[in-house]
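Let me begin by presenting the structure, written as C-alpha cells, before commenting on it.
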Amino acid sequence: MSYLTDEPIDTAGLVRRTMRTSDGACVVFEGVVRNQHNGKAVESIFYDAYRPMAEKEIARIVGDIHQQYSDVEIAVVHRLGHLNVGDTSIAIVCTSPHRAESYEASRLLIDRIKQTVPIWKKERGPDGEEWVGWQGR
Amino acid sequence: MSYLTDEPIDTAGLVRRTMRTSDGACVVFEGVVRNQHNGKAVESIFYDAYRPMAEKEIARIVGDIHQQYSDVEIAVVHRLGHLNVGDTSIAIVCTSPHRAESYEASRLLIDRIKQTVPIWKKERGPDGEEWVGWQGR
Amino acid sequence: MNVRLLYFAVLRDITGKSESTMSLREGTRAADVWHSLREQYAQLADYRQPPMIAVNESYAAPDTVLREGDEVAFIPPVAGG
Amino acid sequence: MNVRLLYFAVLRDITGKSESTMSLREGTRAADVWHSLREQYAQLADYRQPPMIAVNESYAAPDTVLREGDEVAFIPPVAGG
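Protein chains in written order, with the numbering used here: chain A, 9 to 145; chain B, 9 to 145; chain C, 8 to 88; chain D, 8 to 88.
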C-alpha cells in the first residue's frame, strides 16, 4: 500500500481499516493547512515529493516505531499536490489495546516524518510563493 | 452543549466543528469497546453516569486544560448506554496552530476524565456481567 | 431533616433503586449515611471505607455535614473513557 | 561514467528541470556534483554546504563515491507533515 496520495485523505476510512477488535484506543494526528505561517498569510500549499524515496522513508520509520511499540497498529497517508487552507496534508492513525502506546507512537511518527521524509511545500499567499525552509538557510 | 450523548459519536463532524483556519494540528483520541478486559471476553458494555455531575466534571476539566493550553480548541463527547465491541465510547478532539500542545492537552484530558468523571461501565461477556472496578476494592 | 440519595451503577443494582429520601438528625455527616446503607445491604457490609461522595453534584469530604434538601450520591470507582 | 540527477522543489525551480544526466570522472564524490551545480546556477553559489544527499533513494554522505548509473538527488530542507 502507498503512503502517498494525490486525493483528499479519508481519515475515517483509514481508522476503520486500522482498528482491530482488541484495540481500545485510537489516536489520530492530522496535519492541516493553516491560514498563516510565521505571520505571513497562506492561501494554499503545493506539496512536492521524491516519491519512491518518500515511500521508503515512511516505511522505514513505520517499521522502526512498530518494532518499538509492537502492540500498535499504524497507518500513515501523506497527501501531495495543491492543498487549500483546512485541507488535511497528513493523517497518522495509531491503535492499540491501551492508550499510552498509541499516544507515544503517534508523536514519534510525526516528529520523524517531518525530519527526514523527502517532501517539500511551497506556500502561496498574497505576497507570492516560497519553498518552506529554503530562505532560512 | 452537552458532553454526553446516547447516540453513536460522529467524530468526523466533531473535528469539522472544532477546527479553526489558524489550526495546523488536530489530535483525536477515541476510546473504543475492546473484545476483552483483563483476559475476560467482552461482548458489550453498558455505560451509566450521574449525568448532571458528569457534565459539570467534564466542563471543569476542559476549563482547566483550556486555561493551561490557551491555544488549544477542545471538544469532548462521551457516549452512554449499550455499546458493542468496536463502538466509540469517547472522542476527544484537540486542535491548535502547532502540534505539541494538542498532543499534551489530549493526553491530560483523557487521563483526568478517567479519574474523576462519574461514569461507570458494566461489561457483559459469556461469563456474565460485572461493574468494572467494583470487584477489586 | 431530609436528604435525597441517588444510586448509580453497582449501588443501584445492589439497592434495587435509583433514588430514595432519608430522614436524618441534624449534624449527620455524609459518611454516616454510608454506614446506614451498609447496615441495610449485606453486599455493602464489607465496605467500611465509603466510596467517593458527591453532595449537590460536587465531590465532598466524608465528614461533610449534610443539610436539609441536600442531594447525596456515593460514587463507586469510576470507569469512564 | 554517467549518473542521473533528480531535481525537486526549489532545485527544480532554480534549474528549470526535473532531471538530467551528468558525465563524471571515476572517483567523483556526491559533494563534487553539488559544487558543479553551484558553478552553473548563480542562485546556488552561496550554498557551499550541500543539502542532504540521496543516492539511489537513500540518504548518503557527501563524500560518497558515485558509480555508473547512480541516481543522485539533492534534498533541500524537508517540510512534510
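Glycine included, every Cβ here is placed at the ideal spot set by N, Cα and C.
Could you please give the first and the last residue of the uninterrupted alpha helix (DSSP H) stretch that includes residue i?
i                 : result
Trp-41 (chain D)  : 37-47
Ala-61 (chain C)  : Counting along the chain, Ala-61 (chain C) falls outside any alpha helix (DSSP H), though it belongs to the beta strand (DSSP E) covering 59-62.
Glu-109 (chain A) : 107-124
Gly-39 (chain A)  : Premise fails: Gly-39 (chain A) lies in the beta strand (DSSP E), 33-40, not in any alpha helix (DSSP H).
Gly-23 (chain D)  : Note, Gly-23 (chain D): premise wrong, no alpha helix (DSSP H); not H, not E.
Gly-21 (chain B)  : 19-26
Using a C-beta cutoff of 8 Å, does residue i count as contacting chain A?
i                 : result
Thr-29 (chain B)  : yes
Leu-13 (chain D)  : yes
Tyr-111 (chain B) : yes
Val-140 (chain B) : no
Val-85 (chain D)  : yes
Gln-44 (chain B)  : yes
Tell me which residues share the same chain as residue i and place their Cβ nearer than 6 Å to its Cβ, disregarding the 5 neighbours each side in the sequence.
i                 : result
Ile-53 (chain B)  : Val-41, Leu-91, Lys-129, Glu-131
Arg-145 (chain A) : Confidence at Arg-145 (chain A) is low in this model, with a pLDDT of 42, below 50, so the placement of that residue should be treated as unreliable; the coordinate-derived value is given next. Excluding sequence neighbours, Arg-145 (chain A) sits near nothing in its chain.
Tyr-77 (chain B)  : Glu-109, Ala-113
Thr-26 (chain B)  : Glu-81, Ala-83, Val-101, Thr-103
Any Cβ of chain D within less than 8 Å of the Cβ of residue i?
i                : result
His-86 (chain A) : yes
Met-61 (chain A) : yes
Asp-72 (chain A) : no
So with Cβ pairs under 8 Å, would you call residue i a contact of chain C?
i                 : result
Ile-118 (chain B) : yes
Thr-13 (chain B)  : no
Val-41 (chain B)  : no
Considering only C-alpha positions, which residue in the set the options is nearest to residue i?
i                 : options                                  : result
Val-101 (chain A) : A:Phe-37, A:Asp-31, A:Ile-66             : A:Phe-37
Ala-113 (chain A) : A:Gly-89, A:Gln-75, A:Ser-30             : A:Gln-75
Leu-117 (chain B) : B:Trp-142, B:Thr-96, B:Glu-65            : B:Glu-65
Ala-68 (chain C)  : C:Arg-36, C:Gln-50, C:Arg-55, C:Glu-46   : C:Arg-36
Met-8 (chain D)   : D:Pro-57, D:Ala-16, D:Gly-76             : D:Gly-76
Phe-15 (chain D)  : A:Ser-97, A:Tyr-55, A:Ala-83, A:Ala-20   : A:Tyr-55
Glu-63 (chain A)  : A:Arg-87, A:Asn-43, A:His-45             : A:Arg-87
Val-70 (chain A)  : A:Gln-44, A:Val-140, A:Thr-13, A:Asp-119 : A:Asp-119
Gln-143 (chain B) : C:Pro-58, C:Thr-28, C:Lys-24             : C:Pro-58
Asp-95 (chain B)  : A:Val-23, A:Pro-16, A:Trp-139            : A:Val-23
Asp-70 (chain D)  : D:Val-40, D:Glu-26, D:Glu-46, D:Glu-64   : D:Val-40
Ser-30 (chain B)  : A:Thr-29, A:His-45, A:Ala-57             : A:His-45
Leu-44 (chain D)  : D:Glu-33, D:Thr-28, D:Gly-34             : D:Thr-28
Thr-19 (chain B)  : B:Gly-39, B:Met-9, B:Ala-33              : B:Gly-39
Less than 8 Å between the CB atoms is what I'm expecting for residue i and residue j, so what's the real figure, rounded?
i                 : j                 : result
Val-125 (chain A) : Val-93 (chain A)  : With 8 Å as the limit, Val-125 (chain A) and Val-93 (chain A) do not qualify as a contact, their Cβ atoms being about 23 Å apart.
Asp-72 (chain A)  : Ser-104 (chain A) : About 16 Å; that fails the 8 Å criterion.
Ala-99 (chain B)  : Val-85 (chain B)  : 5 Å
Ile-121 (chain B) : Gly-87 (chain C)  : 6 Å
Val-72 (chain D)  : Val-10 (chain D)  : Contact doesn't hold; Cβ gap of about 11 Å is too wide.
Comparing the C-beta of residue i with each C-beta of chain B, is any distance below 8 Å?
i                 : result
Gly-144 (chain A) : Per-residue confidence for Gly-144 (chain A) stands at a pLDDT of 42, beneath the threshold of 50, marking its modelled position as unreliable; no derived number is given.
Pro-105 (chain A) : yes
Ser-94 (chain A)  : The sequence shown places Gly at residue 94 (chain A), rather than the Ser named in the question. It does; some Cβ of chain B falls within 8 Å.
Ile-94 (chain C)  : It is not possible to answer for residue 94 (chain C), since the shown part of chain C is limited to 8 through 88.
Val-17 (chain C)  : yes
Looking only at its own chain, which residues have a Cβ that is under 7 Å from the Cβ of residue i, when we skip the five neighbours before and after it?
i                 : result
Glu-137 (chain B) : Lys-130, Glu-131
Gly-133 (chain A) : Lys-48, Ala-49, Val-50, Glu-51
Leu-18 (chain D)  : Phe-81, Pro-83
Glu-26 (chain C)  : Arg-11, Leu-12, Leu-13, Tyr-14
Ile-21 (chain C)  : Tyr-48, Gln-50, Leu-51
Under DSSP, the beta strand (DSSP E) around residue i begins and ends at which residues?
i                 : result
Asp-70 (chain D)  : Looking at the DSSP string, Asp-70 (chain D) is not in any beta strand (DSSP E), and its letter there is neither H nor E.
Ala-80 (chain C)  : 78-82
Ile-100 (chain B) : 96-104
Asp-56 (chain A)  : 52-57
Val-91 (chain B)  : Checking the sequence shown, residue 91 (chain B) turns out to be Leu, not Val. Its beta strand (DSSP E) spans residues 89-92.
Arg-132 (chain A) : 127-133
Glu-33 (chain C)  : From DSSP, Glu-33 (chain C) is part of no beta strand (DSSP E); its letter is neither H nor E.
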